[in-house]
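S.K.:
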Amino acid sequence: MPPKSETQPASSTAKTQFSDPSDDYSIDPIFHILRILPFSFLRPPKLRLKIPSVTLPSAMTVFSLILLTYFMVVSGIVYDVIVEPPGIGSTQDRFTGAVKPVVFLPGRVNGQYIIEGLSSGFMFVLGGIGIVLLDLATDKNREKSVKVSFASAGIVFVVIAYVMSMLFIRIKIPAYLR
1 MPPKSETQPA
11 SSTAKTQFSD
21 PSDDYSIDPI
31 FHILRILPFS
41 FLRPPKLRLK
51 IPSVTLPSAM
61 TVFSLILLTY
71 FMVVSGIVYD
81 VIVEPPGIGS
91 TQDRFTGAVK
101 PVVFLPGRVN
111 GQYIIEGLSS
121 GFMFVLGGIG
131 IVLLDLATDK
141 NREKSVKVSF
151 ASAGIVFVVI
161 AYVMSMLFIR
171 IKIPAYLR
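The sequence shown stops at residue 178 when you use full-length UniProt numbering, and every number in between is there.
1. If you check the beta carbons only, do Ala137 and Ala151 fall under 7 Å apart?
2. If distances are taken between C-alpha atoms only, which option among Ser40, Ile66, Phe168 and Arg48 comes closest to Met123?
3. Roughly how many angstroms lie between the CA atoms of Val159 and Gly121, to the nearest whole one?
4. Cβ of Lys172 within 7 Å of Cβ of Phe104?
5. For Arg170, which residues of its own chain have a beta-carbon under 7 Å away from its beta-carbon, when the five flanking residues on both sides are left out?
6. Label Ser58 either buried or exposed according to how many other C-beta atoms from any shown protein chain fall within 10 Å of its C-beta, with 16 as the threshold for buried.
7. In this structure, how does DSSP classify Thr91 when only helix, strand and coil are distinguished?
8. Which two residues bound the contiguous beta strand (DSSP E) that contains Pro101?
9. At a cut of 8 Å, does the region 63 to 79 reach the region 110 to 119 through at least three beta carbon pairs?
10. If you reduce the DSSP assignment to three classes, tell me which class Leu42 lands in.
11. Within 10 angstroms of the Cβ of Leu49, are there 16 or more other Cβ atoms? Answer buried if so, exposed if not.
12. Using the rule of at least 16 other Cβ atoms within 10 Å of the residue's Cβ for burial, across every protein chain shown, is Lys15 buried or exposed?
13. Please work out which residues of its chain come closer than 8 Å, Cβ to Cβ, to Val99, disregarding the five sequence neighbours upstream and downstream, and give them in chain order.
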């Protein structure tokens with residue numbers, strides 16, 4: 001017996017390629033009854049469905065979400081959730097015995113209090129906003145007074161962020177860069 005050819009006649013391939021998927025036939029008589037009987041007395045409605053349109057968020061919304069995500073990552077939110085450190089520390093004064101609050105966990109690079117992470121994250125975000133303001137100050141389409149305001153605010157933000165971050169590092173690691 002010769003092997004069957006894998007190609008089908010042209011008339012059957014054209015029918016299967018362009019046929020409606022709902023025209024698939026089945027041997028099951030209940031399937032035929034359920035497929036034909038309801039439509040003999042029911043008329044399906046003619047629906048005009050519109051595809052829902054999703055508007056893109058504005059550039060400021062995207063920037064705000066990215067800035068918030070950056071703040072959360074830099075602040076160590078993942079560390080705070082996993083390790084669950086205290087919000088703020090405390091130490092006892094040797095002479096008076098009074099308990100004083102401690103914001104930075106001294107001497108440990110791989111540990112932090114929650115307020116320490118938030119304050120350092122805020123300083124990094126402040127520096128980032130300063131850089132964005134410096135970039136906005138270079139726009140040619142703005143008035144000179146606005147450009148000067150952006151540039152001066154950007155410089156102030158970057159300087160404050162740098163000085164405070166270096167102060168935080170010196171509190172955290174006293175012998176760093178000395």
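C-beta: ideal position from N, C-alpha, C; glycine also.
M.R.: So, from the data block:
1. yes
2. Phe168
3. Whole-angstrom Cα-Cα distance: 15 Å.
4. Taking 7 Å as the Cβ cut-off, Lys172 and Phe104 qualify as a contacting pair.
5. Cβ within range, chain order: Tyr176.
6. Residue environment: Ser58 is assigned as exposed (fewer than 16 neighbouring CB atoms within 10 Å of its CB, all protein chains considered).
7. strand
8. Val99 to Val102
9. yes
10. coil
11. exposed
12. Since pLDDT at Lys15 reaches only 48, below the 50 mark, its modelled position is unreliable, and the value read off the structure follows with that caveat. Classification for Lys15: exposed.
13. Ser90, Thr91, Gln92 and Asp93
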